[in-house]
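In this note's numbering, the protein residues as written are 3 to 386.
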């Protein structure tokens, strides 16, 4: 999902090898590969006699409140292959939760030994790191998009990247919807191989799968993540980290990457504008060549952010034609996903996975030429 999407994958759906979907796109994913049953999400029935129609998203005051609240009993007994969430948060303003108080410093993402749904402090910590400046090196700044990288001294295979983009003419809630809406992501994110939600944990947390294409000739990656999301006043956070699910072991045709912590911070700057920050700390499982890291921060990440912006501009028109009222990330009662106990999951540690040495791999001629096109020439005709 953004690593990212956030979303379970990286920015724009994991366009660079060092960051998985970071919030999953978001964040129903059509399945392939023979894992899980099929099913299409249904639009909820209109309110009946004696039952008030819902006029807005269910309000979650804090992460801790959400963790103790599970929406209606699951309607499916099989894992849904249809990704029904978008890696973005609610579209309506919500009460300011406890998580929106002043940052209290960064809580280390490393060393997690048990699977837990993030609490208010985790969300505050993520927001604090998104806003931090110390220790980050600016590698790109142009046309409202900035990219920073940070070395992780304890392990040379770990890569941290932070991207920020100013979005004019895009409300924060629209960007939140785009990150959550998996069906729409398949229209604009050409790097997605496969993405789908597996199960829900609480009204604002789920588990999902995301695989993405890496720059040739590197091997493609995939990831299983626990994703959670929280409205913070007019702002939103989506973040994830890697877990192990017994029904989705590593595949032979992909390299299983590890999201230590990946996510999005969406901050409203006006009725029709916002700023999005994408933060990823990922172990791609392998010694990557320097050209991959450089290309990710100086070309792929900025291009992915710009592509996301174009997708946001086109989203309202697209959504009007595709189940306009179906937004389970805002209305948990719409979710078709089965529930899952945390005890079924375990933390995915990088040292338990096969390490792939790709440090000597040279960039392909196609990649050097810019692949499908140079910066600013994204092919987004599929959005119409």
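Ideal Cβ positions, reconstructed from N, Cα and C, are used throughout, including at glycine.
Between residue 279 and residue 188 the beta-carbon gap is near 24 Å, outside 8 Å, which marks them as no contact. The beta carbon of residue 276 lies closer than 7 Å to those of 169, 172, 173, 174, 177, 268, 269, 270 in the same chain, with the five residues before and after it left out. By alpha-carbon distance to residue 257, the top candidate from 285, 152, 313 is 285.
When the Cα atoms are used, residue 317 and residue 274 turn out to be separated by approximately 14 Å. Checking the DSSP bridge columns, you'll see residue 264 partnered with 242, 282. The C-beta distance from residue 228 to residue 209 rounds to 5 Å, short enough to meet the 8 Å contact threshold.
Boundaries of the alpha helix (DSSP H) around residue 311: 303-322. Judged by DSSP secondary structure, residue 177 falls within the alpha helix (DSSP H) whose first and last residues are 174-182. Under the 8 Å Cβ criterion, the stretch 334-351 counts as touching the stretch 246-262, having at least three qualifying pairs. Check the Cα spacing between residue 122 and each of 251, 241, 327: the tightest is with 241. For residue 148, the enclosing beta strand (DSSP E) has its first and last residue at 147-153. Residue 149 is positioned such that its CB atom lies closer than 8 Å to that of residue 142.
In the three-state reduction of the DSSP assignment, residue 228 falls in the strand class, which pools E and B. Of 195, 198, 217, 308, the smallest CA-CA separation from residue 145 is found for 308. According to DSSP, residue pairing for residue 210 in a beta bridge involves 199, 227.
Look at residue 186 here: in three-state DSSP terms it is helix. The alpha-carbon separation between residue 151 and residue 281 amounts to approximately 10 Å.
Residues of the same chain with a CB within less than 6 Å of the CB of residue 132, apart from the 5 flanking positions on each side, are 267, 279, 281 in chain order.
Put simply, of 186, 236, 181 the residue whose alpha carbon is nearest the alpha carbon of residue 323 is 186. Judged by beta-carbon spacing, residue 180 lies beyond the 8 Å limit of residue 334, meaning their Cβ atoms are not closer than that value. Between the alpha carbons of residue 330 and residue 203 lies a gap of roughly 14 Å. The beta-carbon separation of residue 341 and residue 207, rounded to 11 Å, does not stay under the 8 Å limit for a contact. No beta strand (DSSP E) of 3 residues or more sits fully in the stretch 111-138. The beta carbon of residue 221 sits closer than 6 Å to those of 257, all from its chain and outside the five residues before and after it, given in chain order.
For residue 332, the three-state secondary structure derived from DSSP is coil. DSSP, read as helix, strand or coil, puts residue 339 in coil. Counting of Cβ neighbours within 10 angstroms places residue 213 among the buried residues, the total reaching 16 or more.
If you check the CB distance, residue 304 and residue 194 do not come in under 8 Å.
Taking the C-beta atoms as reference points, residue 224 is found no nearer than 8 Å to residue 238. Considering only 126, 138, 300, 183, the residue with the shortest C-alpha distance to residue 234 is 126. Beyond the five residues adjoining it in sequence on each side, residue 252 comes within less than 6 Å, by CB distance, of 258 in the same chain, given in chain order.
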